[in-house]
Structures are given as C-alpha cells and as structure tokens.
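Counting in the UniProt record's numbering, the final residue of the sequence shown is number 553, and the numbers go up one at a time with none missing.
Heads up, the thing below is written out as structure tokens.
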Amino acid sequence: MPPSGGESNPSEKIIAALREEVTLLSAENGRLQNLSTSMHAKHRQQGLHVRELQDKCQANSDSADEWKAKYEDLEYKLQQSTSQLAILDHRLYDAQQSKKALEEELAAFKGTSGSPGEGSEDTNSGLPGVTKSKFNDMLCELEEQRELAANRLTELERLQRQHEGKVAECAKLSMQVNDPPEELIQESPLFRSLKVQFNILYSEVKTLRTQLDESRSIIQTIRNAHLKQVEEMEANETAILSQMKSEMLSQEELYSKLRRQFDDVEADLKQVMAHNEQVLPISSEMRSLINTLQLQNKQLKNEVYRFRRKSMEAAHNHQQIADELKATQEELEQVRKAFSESNAAVLKLTEKMKQPVEAMTATATPSEAPSSEQKSSCKPESIEPIEVKAEVTSPNSSASHLAVVSFHYVRMPTNKVASSDVGYGFVLCVVSGSWSLIIVVCCVRGGTCTLIIVYVQGLTQLSWRVSAGYVKTRAGSHSAQLALCMFSSLAWLCACAVLIMIVLMMATGMHVMNQKIVVCIMRVGLAFALMRPDREKSPRLKTISDKIFLVIN
1 MPPSGGESNP SEKIIAALRE EVTLLSAENG RLQNLSTSMH AKHRQQGLHV
51 RELQDKCQAN SDSADEWKAK YEDLEYKLQQ STSQLAILDH RLYDAQQSKK
101 ALEEELAAFK GTSGSPGEGS EDTNSGLPGV TKSKFNDMLC ELEEQRELAA
151 NRLTELERLQ RQHEGKVAEC AKLSMQVNDP PEELIQESPL FRSLKVQFNI
201 LYSEVKTLRT QLDESRSIIQ TIRNAHLKQV EEMEANETAI LSQMKSEMLS
251 QEELYSKLRR QFDDVEADLK QVMAHNEQVL PISSEMRSLI NTLQLQNKQL
301 KNEVYRFRRK SMEAAHNHQQ IADELKATQE ELEQVRKAFS ESNAAVLKLT
351 EKMKQPVEAM TATATPSEAP SSEQKSSCKP ESIEPIEVKA EVTSPNSSAS
401 HLAVVSFHYV RMPTNKVASS DVGYGFVLCV VSGSWSLIIV VCCVRGGTCT
451 LIIVYVQGLT QLSWRVSAGY VKTRAGSHSA QLALCMFSSL AWLCACAVLI
501 MIVLMMATGM HVMNQKIVVC IMRVGLAFAL MRPDREKSPR LKTISDKIFL
551 VIN
C-alpha cells in the first residue's frame with residue numbers, strides 16, 4: 001500500500017537531513033584528511049629540520065668543546081706568564097728598592113767622607129776599604145739585576161705579543177664558528193650524510209605522492225560506490241518503513257492478545273502457588289520416599305548382580321564338574337574295556353593251563369619235589385595238586401565296603417624251562433561303584449613261570465579272589481604282554497601289599513582283615529591305577545615296559 005502525502009513528507013525531510021549530514025560529514029572528513037596530510041608533511045619537515053639542527057648543534061658543541069679546551073690551555077699559559085710577570089715585577093721592585101738603598105748609602109757615604117776631626121779620621125781609617133768592597137759588590141749585583149730585569153722585560157713583551165696573537169686567533173676562530181664558509185660546510189661529512197638522507201627522503205616523497213594520487217582515485221571510486229549504496233539504502237528504507245508499519249500493527253494486536261493471556265496465566269499462577277503451599281509437605285514426604293526407594297533399588301541391583309555372579313560361578317563350576325565327570329566316564333570305559341580284555345585273556349589262559357595240569361596230575365607220583373638229579377634229566381615227578389579255597393566275610397559288611405574275600409591257592413609241580421622263555425606276574429582287578437582297577441605284576445622265579453591274578457568283581461559288593469598256579473608261557477604271548485603293560489602303570493605296590501596281607505593271614509590263620517586297612521590299600525591302588533595305564537598312548541611308558549620285559553626275560 002503506497003504511503004500517503006502526510007507520511008511521505010517526514011521521510012523526505014529525514015532523507016534530506018541525512019543527505020545534508022552526509023555531505024557535511026564528507027566535507028569535514030576531506031578537510032580533516034587534508035589537514036592530517038598537511039600536518040604529517042609539516043611534522044616530517046619539522047622533524048628533518050630538527051634533526052639537521054640537532055646535528056649542527058652537536059657539531060657546534062663539539063667544536064665549542066675543542067675551542068674551550070684550547071681556550072683553557074691558553075688561559076693556563078696566560079696565568080703562568082702572568083705569574084712569572086708578577087714574580088719578575090716583584091724582583092724588579094726589590095732591585096729598585098735595593099738600588100735606592102744603595103744610592104742612599106752611597107750618598108751618605110759621600111757626605112760623611114769630607115767631614116773634619118781626628119777621631120773621625122781614626123775611626124774611618126778602616127771603613128773606606130770595607131765600604132768600597134761592599135759597594136763594588138752591590139754595583140755588580142745591581143748590574144746583574146738590571147740585566148735580569150731587561151731580560152724579563154723582553155720576555156714579558158714577547159709573551160704579551162703571543163697573547164695578543166692568540167686572542168686574535170681565538171676571535172678569528174669564533175667568527176668562523178659563528179659564520180662558517182659554504183665550501184667547508186659542503187665538504188663536511190655531516191653535510192654529505194644529510195644530502196644522502198635528503199635524496200632518500202625526496203624519493204620517498206615521490207613514491208608517497210604517487211600513492212597519494214592512487215589513494216585519491218580509490219577514494220573517488222569508493223565515494224561513487226558509497227553514493228550508489230546510499231541511494232539503494234534510501235530505496236530500501238522506504239520499503240522497510242512500510243513493512244515496519246504493517247508489522248507494528250500486527251505486533252500491537254499480538255501484544256494485546258499476549259497481555260490478556262499473561263493476565264490469565266498470572267491468575268493461574270496465583271492459584272498454583274496457593275495449591276503448592278498446601279502440597280509442599282506432601283512433596284517433601286514423596287521426595288524422602290523416592291530417595292528410600294532409590295536406595296532400596298540400588299541395594300536390590302547390587303544383590304541381583306551378586307546373585308548373577310554367583311550363578312555364573314555356579315554354572316562355570318557345573319561345567320567344570322561335567323567335564324571332569326565326562327573325562328572320568330571315558331577313563332572308566334577304558335578301564336572296563338581293559339578289564340574285559342584281561343578277563344578274556346585270563347579265561348583263555350586258565351583253559352590252556354587246565355589241560356597240561358590234568359595230564360601232569362595223571363602221570364605224577366605222590367612223592368615230594370624232585371631232587372637235583374631229576375631236575376637235570378628234565379623228567380618232573382607228578383604230584384597231586386593241592387587246592388585251598390577259603391572265603392572270609394567281614395562282620396560289618398556293606399555295599400560300599402569290603403564284603404567277601406575269597407582266595408584260591410593251587411600248587412603245581414615244578415618244570416624246568418629256560419629262564420628267557422618264562423614270566424612271573426600278578427594281576428589285581430578292583431570294581432567299586434563307578435570305579436574299576438586292573439593291576440598285573442610279572443616277575444621271574446628260578447626256572448618257572450608263575451601267573452597270579454587278583455581281581456575284584458561285583459558292583460554292589462566288593463569281593464577279592466586270589467588264584468595261584470605255575471604256568472609255562474612264552475615271552476611273546478598275549479598274556480605276558482598284557483601283564484607287562486599293566487605292570488608299567490606302577491600299580492604293583494598295591495598288588496604286593498594285598499599279597500603280603502593274604503600271606504600273613506594264611507600263615508597266622510587270620511580269617512578277618514582290618515576293614516580300614518583294606519580300604520586304605522584300595523584307595524592307594526586306585527590312585528596309582530589312574531596314572532596313565534594306556535601303554536600305546538605313552539611312548540615313555542612303552543619304553544619303560546619294554547625295558548622291564550627285557551629284564552624279566
């Protein structure tokens with residue numbers, strides 16, 4: 001909407017006033033710039049002039065110091081000459097006084113020499129000789145003083161002439177200092193240095209003039225651009241004024257609306273403040289309750305974290321126990337497999353042993369052991385076999401402890417065979433719940449091969465069975481290899497302990513063994529049996545078993 005005539009007049013007046021103000025400010029700015037440049041130029045000239053005067057003053061002060069020193073020297077010499085002149089004057093005055101005295105004495109002497117009288121003649125008869133000699137001396141001294149005074153006078157005249165010449169020279173030099181010649185000034189190094197500086201400054205002034213012309217042209221372009229910008233600003237100002245009027249009207253309406261809203265909000269605020277004053281104790285109680293609940297929540301979180309950590313540890317322990325149980329089950333399967341193989345080998349061996357034993361018992365005589373001659377003929381005497389069977393049951397038998405002990409002892413006739421072809425062994429087999437143990441010990445005894453098998457059978461009850469017999473076997477047989485393999489597991493300690501206890505029981509007639517001792521021996525045997533019984537998986541154990549096999553053979 002275009003502005004009306006009443007509204008355009010004030011804006012035109014403002015624009016005209018702004019233009020006048022801008023022109024005045026630009027004129028004042030130009031005047032101040034010109035004044036600043038002129039003042040800078042004057043300051044530069046004054047600075048150069050001051051420097052020149054300072055240099056001249058310094059040179060004059062230096063020359064004045066030199067002339068002052070010369071003047072002081074001349075004054076000192078003049079003082080010396082005046083002092084010498086005063087001394088000579090004093091001496092001259094003394095000489096004149098002595099001369100007057102001598103003249104007076106001489107006149108007196110001449111007056112007294114012509115007076116009559118006898119006494120006077122007598123008295124003065126000796127005086128003429130004395131006074132004459134003294135007079136002659138005084139005359140000589142007077143002549144000397146006259147010559148000395150003449151010399152001093154000539155010297156004083158010479159010094160006076162020198163003093164006059166020096167004074168004239170000093171006046172001449174002072175005139176030269178006050179008004180030096182132009183040639184001397186031009187030939188002086190100070191003038192030359194100032195001339196060089198002037199040339200430099202003149203070149204700088206030329207460059208500054210060129211820069212001034214360039215700056216003037218730049219200022220003119222800037223002024224033209226400024227005028228264009230002012231015109232654009234004036235055009236924009238009219239548009240902005242109209243826009244501002246419309247915005248002011250809208251802002252006034254908005255202000256009235258906001259004022260009403262503010263009154264409403266103020267009333268609501270008063271109501272809320274009154275309500276807050278009533279709700280303040282409730283809010284404090286709620287804050288305390290929230291704080292306590294937050295504290296309890298933190299404690300519960302800590303407990304949850306602790307239980308979670310415990311559950312993780314329990315899961316980890318459960319996993320470890322499961323792994324250990326799995327490893328134990330695998331070892332148990334291996335031991336059971338070895339046990340089944342050893343049982344099969346023992347059964348085969350017992351079947352093989354029964355046939356030669358039955359044949360030997362059929363042909364043997366009831367006599368005792370053969371003599372040394374019979375042994376040399378390799379014809380053993382057959383005797384009836386003695387078989388002893390005994391079963392001992394502990395009074396406090398249970399499923400987890402030693403329940404039945406049964407052993408068999410069979411003595412067979414001795415056959416002479418080569419020591420390199422036989423072996424002597426023990427086998428121990430233990431089964432208790434999920435644990436099983438197999439131990440075989442082989443050794444050589446004379447020219448016989450004895451195989452003793454000790455094993456445990458049954459899962460609910462623990463029983464022992466001992467069988468003994470003399471069996472002829474070869475070193476390369478399966479039973480001997482099995483015996484040596486089991487012997488390398490270091491379980492022979494348990495087998496020897498069990499055999500020693502059985503022998504003691506048989507010798508003393510004991511039928512009941514100490515249950516605690518047997519359980520302890522079983523634990524030791526289990527510990528040794530679990531030490532890597534597999535011969536094929538351990539090369540070190542294999543080498544040990546091979547060495548033991550060679551020693552036995």
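Glycine included, each C-beta is placed from N, C-alpha and C at the ideal position.
Residue i versus residue j - alpha carbon distance
| i | j | result |
| --- | --- | --- |
| K310 | E331 | 31 angstroms |
| I67 | E141 | The residue asked about is misnamed: residue 67 is Trp in this sequence, not Ile. Their backbone Cα atoms lie some 46 angstroms apart in a straight line. |
| D73 | L159 | 15 angstroms |
| A86 | R152 | 11 angstroms |
| N60 | H49 | 16 angstroms |
| V456 | A345 | Residue placement at V456 cannot be trusted, given a pLDDT of 39 that sits under 50; the coordinates are not used to answer. |
| K337 | L347 | 15 angstroms |
| S288 | Q271 | 26 angstroms |
| E231 | D213 | 27 angstroms |
| A239 | I218 | 31 angstroms |
| residue 591 | E303 | Residue 591 lies beyond the stretch modelled for the chain, which goes from 1 to 553, so this question has no answer here. |
| A314 | N297 | 25 angstroms |
| K100 | P181 | 59 angstroms |
| N343 | V335 | 12 angstroms |
| L156 | E75 | 16 angstroms |
| Y71 | D179 | 19 angstroms |
| Q33 | A41 | 12 angstroms |
| P281 | Q294 | 20 angstroms |
| M175 | A168 | 11 angstroms |
| D268 | A274 | 10 angstroms |
| E277 | S283 | 10 angstroms |
| K257 | S246 | 17 angstroms |
| N224 | G47 | 37 angstroms |
| Q45 | K195 | 15 angstroms |
| K13 | S250 | 27 angstroms |
| N199 | I185 | 18 angstroms |
| R187 | S215 | Per the sequence shown, the amino acid found at residue 187 is Glu instead of Arg. Taking the straight line from one Cα to the other gives about 41 angstroms. |
| Q261 | M248 | 19 angstroms |
| L88 | A149 | 7 angstroms |
| I439 | F339 | In this prediction, I439 has a pLDDT of 46, which is less than 50 and means its spatial position is unreliable; what the coordinates show is noted afterwards. When rounded, the distance between both Cα atoms is 9 angstroms. |
Coarse secondary structure for residue i, derived from DSSP in three states
| i | result |
| --- | --- |
| P180 | coil |
| S215 | helix |
| S188 | coil |
| P116 | Interpretation of P116 is limited by its pLDDT of 42, a score under 50 that renders its predicted location unreliable; the figure taken from the coordinates is listed afterwards. Coil at P116, not helix or strand. |
Residue j beta carbon less than 7 angstroms from that of residue i
| i | j | result |
| --- | --- | --- |
| P92 | M138 | At residue 92 the sequence reads Leu, which differs from the Pro that was named. Taking 7 angstroms as the Cβ cut-off, L92 and M138 do not qualify as a contacting pair. |
| A107 | Q145 | no |
| L190 | D55 | yes |
| H163 | L53 | no |
| S38 | V177 | no |
| I15 | E204 | no |
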